[in-house]
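Numbering (this note's numbering), first residue to last: 758 to 1067.
Contents: one structure, followed by commentary.
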């Protein structure tokens, strides 16, 4: 009679397998964001920012938690963590779209006669491509955000904070006689502008001094004066850098204007490329029809040009 072979089974092996599977699952990289996902991130940001029931009385964590809720109502899969949505907005969408906004404002400020809205858009797209060495790929997001007053306020507040940071970067802190008290910059895009105190500095009017100042106070006031001068020089240096950057952008714009035909051709090509590469996922029927008709016009124009050159 054959003996039944008994296998030794280590119950911990199953647990180890489960742990390895869990680790492999955790290590799986999330898929890249698609154009419709980027659009939903921006739309959720606008909805939460402009919610009249909430206003600005929400901290950063609460804000992005509500953005995540709205986002996943529109895009249930894949699940994007709150930190991922925040990083996508702060590190990719907002910087690129705000940069493009700057070029749009630059083109509009020129107010060239006879230039249509489409001409201005083409010019802004080309300036962005030249400056960033890549095509602008968030056009639908920009069209959404450009209609939001909250977003424009958010951009202006960020620009002001950036200017203050650049002005103060040469020294760790502005002198006490000129320092403005302000709250730290919040990650909450709906937060109000930095409050400014009514502090006007240290008075050195002799009429207001009850007695001659001592050596320590004289030394202190002298140090304030020196720091004040250094701080003003730092501010002047920062303004000079801003002027240099503005000159660089103006040079790009001036060089573009030297060849109107080349400008129009390149601008039209950039716009056509944007239309031809626009994803139709997530668009409604009317938007899809618009891009399909535009694509048909572009292809017909290219084919006609190719036939006439033969």
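We put the beta carbon where it would ideally sit given N, CA and C, even for glycine.
Relative to the ligand ZN, is the shortest distance from any of its heavy atoms to the C-beta of residue 831 smaller than 8 angstroms?
-> You won't find the ligand ZN in this model; it holds no ligand whatsoever.
Alpha helix (DSSP H) containing residue 874: first to last residue?
-> That run of the alpha helix (DSSP H) goes 874–889.
For residue 854, does the count of other Cβ atoms within 10 angstroms reach 16, so buried, or fall short, so exposed?
-> By the neighbour-count criterion, in which a residue is buried when 16 or more other Cβ atoms sit within 10 angstroms of its Cβ, residue 854 is buried.
Nearest-angstrom Cα distance between residue 1060 and residue 892?
-> Going by the C-alpha atoms only, they are around 24 angstroms apart.
Contacts around residue 1047, its chain only, beta-carbon distance under 6 angstroms, and the 5 residues preceding and following it disregarded = Counting only Cβ-Cβ distances below 6 angstroms, and skipping sequence neighbours, we find nothing.
CA-to-CA distance, residue 896 to residue 1025, given in whole angstroms = Straight-line Cα distance between these residues: approximately 15 angstroms.
Residue 898 and residue 796 closer than 9 angstroms at C-beta | Yes, they are a contact pair.
Own chain partners of residue 1056 with C-beta closer than 8 angstroms, once the 5 adjacent residues on each side are dropped = Hits under 8 angstroms: none found.
Assigned exposure category for residue 823 - 16 Cβ within 10 Å defines buried | It is buried - the Cβ of residue 823 has at least 16 other Cβ atoms within 10 Å.
Please go through the same chain and pick out, in chain order, the residues whose beta-carbon is closer than 6 angstroms to the beta-carbon of residue 782, but skip the five residues on each side of it.
-> Confidence is the limiting factor: at residue 782 the pLDDT is only 49, short of 50, which leaves the residue's position unreliable and the question unanswerable from this model.
Leaving out the 5 sequence neighbours to the left and right, which residues in its chain are closer than 6 angstroms to residue 793 when beta-carbon positions are compared?
-> Excluding residues within five positions, the ones whose Cβ falls inside 6 angstroms are 1038 and 1039.
What distance in whole Å lies between the Cβ atoms of residue 921 and residue 885, which are believed to be in contact at a cut-off of 8 angstroms?
-> 26 angstroms between Cβ atoms; not a contact.
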